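Scroll down for the structure; my scribbles are underneath it.
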Amino acid sequence: MHSVCKRARMVCANAHAWCVQMCMHCVFKCSQPPVHSLSEVLFCQPDMPSLGLAVTFDNEQLFWFDAPLSRWQPRLPDFPAWPEGRCPLSPPATPVPVPPGATLAGATPTGATPCAAGIPVANVFLKRPLEFGRPNTLVCMVGNIFPPAVTIGWQRDGVPVTDGVTDTTYTPIEDLGFMRFSYLEVTPRAGDVYSCTVTRERDNTSVLAYWVPQDPVPSDVLATALCGAAMALGILACGQADGCVCAGRLCSRDV
Numbered sequence: 001m002h003s004v005c006k007r008a009r010m011v012c013a014n015a016h017a018w019c020v021q022m023c024m025h026c027v028f029k030c031s032q033p034p035v036h037s038l039s040e041v042l043f044c045q046p047d048m049p050s051l052g053l054a055v056t057f058d059n060e061q062l063f064w065f066d067a068p069l070s071r072w073q074p075r076l077p078d079f080p081a082w083p084e085g086r087c088p089l090s091p092p093a094t095p096v097p098v099p100p101g102a103t104l105a106g107a108t109p110t111g112a113t114p115c116a117a118g119i120p121v122a123n124v125f126l127k128r129p130l131e132f133g134r135p136n137t138l139v140c141m142v143g144n145i146f147p148p149a150v151t152i153g154w155q156r157d158g159v160p161v162t163d164g165v166t167d168t169t170y171t172p173i174e175d176l177g178f179m180r181f182s183y184l185e186v187t188p189r190a191g192d193v194y195s196c197t198v199t200r201e202r203d204n205t206s207v208l209a210y211w212v213p214q215d216p217v218p219s220d221v222l223a224t225a226l227c228g229a230a231m232a233l234g235i236l237a238c239g240q241a242d243g244c245v246c247a248g249r250l251c252s253r254d255v
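Residue numbers for the sequence shown follow full-length UniProt numbering, beginning at 1 and rising by one.
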């Protein structure tokens, strides 16, 4: 009995030390100030769109520049408008002359330069929980885009869909790539098959992502399952607590 109590004391001591260590780690992590990034990215390319400019905060686009209208547009309609008179990339009023005899620094590269390209990755999901017969929105999130020149198309049961489609502009992210979203207003029904096709115009290659509505779990069934799981965890926790109490009593008697 003495050896059992000794092992119980060691387990309790180790558990206490681990808990203190975890708490100190959490306090240290929480005390660190958060690091954020505010970026303004301008790209020019031979593909369309030939020009793009966006302001992002932690990979979330805040504004994009509408070149034909020469004004900033908010990423979401409920965002505040860009302050008047503020244009971060205003060109100089007078062109800067190039000094005569100026040359490029360093040697001029020769030969063909490899073209960087990323294979888009698409993921399709619902904006809200699935309910058959209720209007919803399908989201096609496309990442790993480079260069920012792709088209996004929707199909339902193999038939192209254009009504209810909304595409966003390109959002630059920290890995020097781009992300783009496409939204499709849908009313899910059993047996539907939706697909999102992402096509790179430069080499005419496509990536497909499918979405098929699964039978949603009824709310009463889900509630019953959650309650059952909670009760099982509670019973297990009580059993472990009783075991600790019994071990403590045995140790106190042995002493």
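The beta carbon of each residue, even a glycine, is placed where N, CA and C say it ideally should be. All values reported here derive from a predicted model rather than from experimental measurement.
Applying the criterion that 16 or more other CB atoms from any shown protein chain within 10 Å of the CB defines a buried residue, is residue i buried or exposed?
i: Cys-44; result: exposed
i: Thr-171; result: buried
i: Leu-138; result: buried
i: Val-193; result: exposed
i: Phe-178; result: buried
i: Ala-117; result: exposed
i: Leu-69; result: exposed
i: Cys-30; result: Here Cys-30 scores only 49 on pLDDT, less than 50, and its place in the model should not be relied on; the value that follows carries that caveat. Exposed, because fewer than 16 other Cβ atoms sit within 10 Å of the Cβ of Cys-30.
So the beta strand (DSSP E) residue i belongs to, where does it begin and stop?
i: Gly-52; result: 51-57
i: Leu-38; result: 38-44
i: Gln-155; result: 150-156
i: Leu-184; result: 178-186
i: Val-161; result: 159-161
i: Leu-208; result: 205-211
i: Asp-47; result: Careful: Asp-47 lies outside any beta strand (DSSP E) and carries neither H nor E.
i: Asp-35; result: The question names Asp, yet the displayed sequence has Val at residue 35. Premise fails: Val-35 is in no beta strand (DSSP E) and is neither H nor E.
i: Asp-167; result: 165-167
Going by DSSP, which residues form a beta bridge with residue i?
i: Gly-191; result: In DSSP, Gly-191 forms no bridge with anything.
i: Asn-123; result: Met-141
i: Phe-63; result: Val-55, Pro-74
i: Gly-118; result: Phe-146
i: Thr-197; result: Gly-153, Leu-208
Please identify the residue among the options whose C-alpha is closest to the C-alpha of residue i.
i: Ser-182; options: Val-212, Val-150, Asp-203; result: Val-150
i: Thr-166; options: Arg-71, Ser-50, Arg-180, Pro-34; result: Arg-180
i: Arg-156; options: Arg-189, Asp-175, Leu-176; result: Arg-189
i: Val-186; options: Glu-201, Trp-154, Asn-123; result: Trp-154
i: Phe-146; options: Pro-120, Pro-135, Pro-74; result: Pro-120
i: Val-142; options: Leu-208, Pro-34, Ala-67, Val-41; result: Leu-208
i: Pro-49; options: Asn-123, Gln-214, Ala-67; result: Ala-67
i: Tyr-210; options: Ser-70, Ser-37, Gly-158; result: Gly-158
i: Asp-215; options: Gly-133, Ala-117, Asn-123; result: Gly-133
i: Ser-37; options: Asn-204, Asp-175, Arg-202; result: Asp-175
- Message: Quick check: the segment 171-183 against the segment 52-71, are at least 3 beta-carbon pairs closer than 8 Å?
- Response: yes
- Contact between the segment 126-136 and the segment 146-166: three or more CB pairs below 8 Å? no
- Contact the segment 60-70 vs the segment 192-204: 3+ CB pairs below 8 Å: no
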